[in-house]
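S.K.:
Protein chains: 2
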Amino acid sequence: MADAVIDSKSEVSDARDVTDLVLQDILAGVLLPGTWLKQIDLERRYKCTRPEVRRALDRLAQKRLVEHVPNRGYHVYEPDGRRAREVSEIRIVLETAVAEAIVEKASSAEIARLRQLAEHFDRMVLNGTTLELYEANLAFHRHLLTLGGNLELVELITEIRQRTSSAPVSQWRTRARVEQSGREHHMMVDAIAASDTDRLKVLVRQHILQR
Amino acid sequence: MADAVIDSKSEVSDARDVTDLVLQDILAGVLLPGTWLKQIDLERRYKCTRPEVRRALDRLAQKRLVEHVPNRGYHVYEPDGRRAREVSEIRIVLETAVAEAIVEKASSAEIARLRQLAEHFDRMVLNGTTLELYEANLAFHRHLLTLGGNLELVELITEIRQRTSSAPVSQWRTRARVEQSGREHHMMVDAIAASDTDRLKVLVRQHILQR
DNA sequence: GTATCCTAAATTGGCACCAATTTTGGATAC
DNA sequence: GTATCCAAAATTGGTGCCAATTTAGGATAC
Chain Y
1 MADAVIDSKS
11 EVSDARDVTD
21 LVLQDILAGV
31 LLPGTWLKQI
41 DLERRYKCTR
51 PEVRRALDRL
61 AQKRLVEHVP
71 NRGYHVYEPD
81 GRRAREVSEI
91 RIVLETAVAE
101 AIVEKASSAE
111 IARLRQLAEH
121 FDRMVLNGTT
131 LELYEANLAF
141 HRHLLTLGGN
151 LELVELITEI
161 RQRTSSAPVS
171 QWRTRARVEQ
181 SGREHHMMVD
191 AIAASDTDRL
201 KVLVRQHILQ
211 R
Chain A
1001 MADAVIDSKS
1011 EVSDARDVTD
1021 LVLQDILAGV
1031 LLPGTWLKQI
1041 DLERRYKCTR
1051 PEVRRALDRL
1061 AQKRLVEHVP
1071 NRGYHVYEPD
1081 GRRAREVSEI
1091 RIVLETAVAE
1101 AIVEKASSAE
1111 IARLRQLAEH
1121 FDRMVLNGTT
1131 LELYEANLAF
1141 HRHLLTLGGN
1151 LELVELITEI
1161 RQRTSSAPVS
1171 QWRTRARVEQ
1181 SGREHHMMVD
1191 AIAASDTDRL
1201 KVLVRQHILQ
1211 R
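Line by line, the protein sequences give chains Y and A. When the first sequence is numbered by this note's numbering, its final residue is 211 and no position is left out of the sequence of numbers. When the second sequence is numbered by this note's numbering, its final residue is 1211 and no position is left out of the sequence of numbers.
1) Please name the residue, chosen from A:Ile1102, A:Phe1121, A:His1120, A:Ile1092, that lies closest to A:Gly1149 on a Cα-to-Cα basis.
2) Going by C-alpha distance, which of Y:Thr35, Y:Ser88, Y:Ala99 is nearest Y:His68?
3) Check Y:Tyr74 in the structure and name its three-state DSSP category.
4) List in chain order: all unbroken beta strand (DSSP E) runs of 3+ residues lying wholly within the region 32-97 of chain Y.
5) Roughly how many whole angstroms lie between the Cα atoms of Y:Gln39 and Y:Ala61?
6) May I ask you to verify whether the region 1124-1143 of chain A touches the region 1014-1033 of chain A, counting CB pairs closer than 8 Å and requiring at least 3?
7) So with Cβ pairs under 8 Å, would you call A:Arg1050 a contact of chain Y?
8) Where does A:Gly1182 sit, in a helix, a strand or coil, going by DSSP?
9) Tell me where the alpha helix (DSSP H) around Y:Gln210 begins and ends.
10) Between which two residues does the alpha helix (DSSP H) carrying A:Asp1025 extend?
11) Starting from Y:Ile26, find everything on chain A with Cβ-Cβ shorter than 9 Å and list it in chain order.
12) Can a CB atom of chain A be found closer than 8 Å to the CB of Y:Arg53?
13) Is the Cβ-Cβ distance between Y:Gln162 and Y:Leu65 less than 8 Å?
14) Kindly give me the distance between the Cβ atoms of Y:Val204 and Y:Ala99, rounded to whole angstroms, as I take these residues to be in contact under 8 Å.
15) Check the Cβ of Y:Val22 against every Cβ in chain A and list those closer than 8 Å, keeping chain order.
16) For A:Lys1201 and A:Arg1115, I'd like the C-alpha separation in whole angstroms.
17) Any beta-carbon of chain A closer than 8 Å to the one on Y:Glu100?
18) For the candidate residues Y:Ile160, Y:His141, Y:Thr96, Y:Glu119, whose alpha-carbon lies nearest to that of Y:Asp196?
19) Which stretch, first to last residue, makes up the alpha helix (DSSP H) that contains A:Ala1194?
20) Counting only beta-carbon atoms, is Y:Gln62 nearer than 8 Å to chain A?
21) Classify Y:Ser107 as helix, strand or coil using the three-state DSSP reduction.
22) Quick check on this structure: which residue in A:His1120, A:Arg1113, A:Arg1072 has the alpha carbon closest to the alpha carbon of A:Thr1146?
23) Hey, A:Leu1094 and Y:Ile160: beta-carbon distance below 8 Å or not?
24) Quick check on A:Ile1208 - is its C-beta less than 8 Å from some C-beta in chain Y?
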């Protein structure tokens, strides 16, 4: 992807994978749950070819973000309360489990970096798009988990995070809630700096549940 | 260089998805790590079309069981010690976490069913193929996890189990080890029947690590 | 006026062909 | 004898076309 960044012509869309573009539009709430993703529309919307569209849809179906109905097409999954709850449970188990390793291994330099990312999130709350906010949040949490030392876990959580974010707009709509998220980020960094594992665990649990 | 072995006899049914067939051959050790999966070979081996092969390869690449090198093709991933260790860690965290729920919710009927599956595994140790043994093991663990009540977790663990089973043959080679697995299954069922959560957790941890 | 059937448009999904890139084998130069 | 370069073969990956299936619209019967 590094070489693709240099090539910033008229549109970024040619360089990045179509799958990510559709994914982001689903996460951003542009493509609402239940919407039928007609291949001809996606083809035009993302300026790409038919096979690319099909591959993207197949990948999203594998990730279970869209459902495939043979000879009918693909449509965005409806939000599933049970699934969302179960994914939250899984995230709590995994993310509180790494809390110990994080407190143990975090150097002051890495804590400073984490603080930077928390501040970047705050800035995006004030003057950033929904997508930028989403990515700032993701960056913070990815770096947080990276401190645990289990890279496979970082990827896994990043993956399952996308799994139930079918209605991020409604979840992130209220400004108060987003600002609360920002404060919690800083509290987590504080807990790490203070080597307070138990507090970090409580914060992580709350942070996942409150959304 | 060792190319994909062409064996036109092993075709069983057109009904199943090609992706699963390739997946099973990788898990069974028929397609060894490092093997280049030439599209023309797969096409003939599984009696399917070129697009089907491509979709299967793309899906396996998403699951990170094969690596895609542009204009070169797809090859089976080499076993990665670090990754295997990290996946084991994740599995321990997740599977010990559901231990409580399992002990709490398991009815006598479901415990009996679990016992059946453990016994089925034992039979496959004696007179079953590597694949049948693998599936009997999977069936036991899936039912075990199902008792926890978090269906999303069942799917997730099933998924990450496949993620590092690139060398199941070497892992499962010794009969003594497989028989030990069978005994551990029964010990786990015993612990559930006795409502001994802590013992179940210890057993689960050992079971994951010993492989 | 309503329900049913039938025809036509639209969409999906598979198939075959072709261009682009890489690898292999051999010939040539040193 | 060894290394380098070039040409031919093979493989990947994209494009366009067409068949199969579904849906929408309208005509007909009751």
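Here a beta-carbon is modelled for each residue, glycine too, at the ideal position from N, C-alpha and C.
M.R.: In short, the structure shows the following:
1) Residue mapping note: residue 1149 of chain A aligns to position 149 of the second sequence, counting from 1. Comparing Cα positions, the closest option is A:Ile1102.
2) Here residue 68 of chain Y is taken as the residue at index 68 of the first sequence, counted from 1. Of Y:Thr35, Y:Ser88, Y:Ala99, the residue nearest in Cα terms is Y:Thr35.
3) For the purposes of this step, residue 74 of chain Y is taken as residue 74 along the first sequence, with counting starting at 1. Strand, per DSSP.
4) 66-69, 73-76
5) Locating residue 39 of chain Y in the first sequence gives position 39, counting from the first residue. Locating residue 61 of chain Y in the first sequence gives position 61, counting from the first residue. Cα to Cα, the separation comes out at about 14 Å.
6) yes
7) Within the second sequence, residue 1050 of chain A is the residue found at index 50, counting from 1. It does not: the Cβ of A:Arg1050 has no partner Cβ on chain Y nearer than 8 Å.
8) Locating residue 1182 of chain A in the second sequence gives position 182, counting from the first residue. Of the three classes helix, strand and coil, the one that applies to A:Gly1182 here is helix, per DSSP.
9) Taking the first residue of the first sequence as 1, we reach residue 210 of chain Y at position 210. Segment 197-210, the alpha helix (DSSP H) holding Y:Gln210.
10) As a first step, residue 1025 of chain A must be located in the second sequence, where it is residue number 25. From DSSP, the alpha helix (DSSP H) with A:Asp1025 extends over 1018-1027.
11) Residue mapping note: residue 26 of chain Y aligns to position 26 of the first sequence, counting from 1. Ordered by position in chain A, no residue passes the 9 Å Cβ test against Y:Ile26, which lies about 17 Å from the chain.
12) Within the first sequence, residue 53 of chain Y is the residue found at index 53, counting from 1. Note that residue 53 of chain Y corresponds to Val in the displayed sequence, not to Arg. Chain A, which has no Cβ nearer than 8 Å to the Cβ of Y:Val53, makes this no.
13) Taking the first sequence and counting its residues from 1, the one referred to as residue 162 of chain Y is at position 162. Taking the first sequence and counting its residues from 1, the one referred to as residue 65 of chain Y is at position 65. Yes, they are a contact pair.
14) By one-based count along the first sequence, residue 204 of chain Y stands at place 204. By one-based count along the first sequence, residue 99 of chain Y stands at place 99. About 6 Å; that satisfies the 8 Å criterion.
15) As a first step, residue 22 of chain Y is located in the first sequence; it is residue number 22 there, counting from the start. Those within 8 Å of Y:Val22 in chain A number zero; the least Cβ separation is about 15 Å.
16) Residue 1201 of chain A sits at position 201 when you count from the first residue of the second sequence. Residue 1115 of chain A sits at position 115 when you count from the first residue of the second sequence. Rounded to whole angstroms, A:Lys1201 to A:Arg1115 spans 18 Å at the Cα level.
17) On the first sequence, residue 100 of chain Y is found 100 positions in, with the first residue counted as 1. False, the Cβ-Cβ gap to chain A never drops below 8 Å.
18) Mapped onto the first sequence, residue 196 of chain Y falls at position 196. Checking every option, the nearest Cα to that of Y:Asp196 belongs to Y:Thr96.
19) Working through the second sequence from its first residue, we reach residue 1194 of chain A at position 194. Unbroken run through A:Ala1194: none, as it is neither H nor E.
20) Numbered from its first residue, the first sequence carries residue 62 of chain Y at position 62. Judged by the 8 Å Cβ criterion, Y:Gln62 is in contact with chain A.
21) In the first sequence, counting from the first residue as 1, residue 107 of chain Y sits at position 107. Coil, per DSSP.
22) As a working note, residue 1146 of chain A is residue 146 in the second sequence. For the residues A:His1120, A:Arg1113, A:Arg1072, the minimum Cα distance to A:Thr1146 belongs to A:Arg1113.
23) By 1-based counting over the second sequence, the position of residue 1094 of chain A is 94. By 1-based counting over the first sequence, the position of residue 160 of chain Y is 160. No, Cβ-Cβ distance for A:Leu1094 and Y:Ile160 is not below 8 Å.
24) Locating residue 1208 of chain A in the second sequence gives position 208, counting from the first residue. False, the Cβ-Cβ gap to chain Y never drops below 8 Å.
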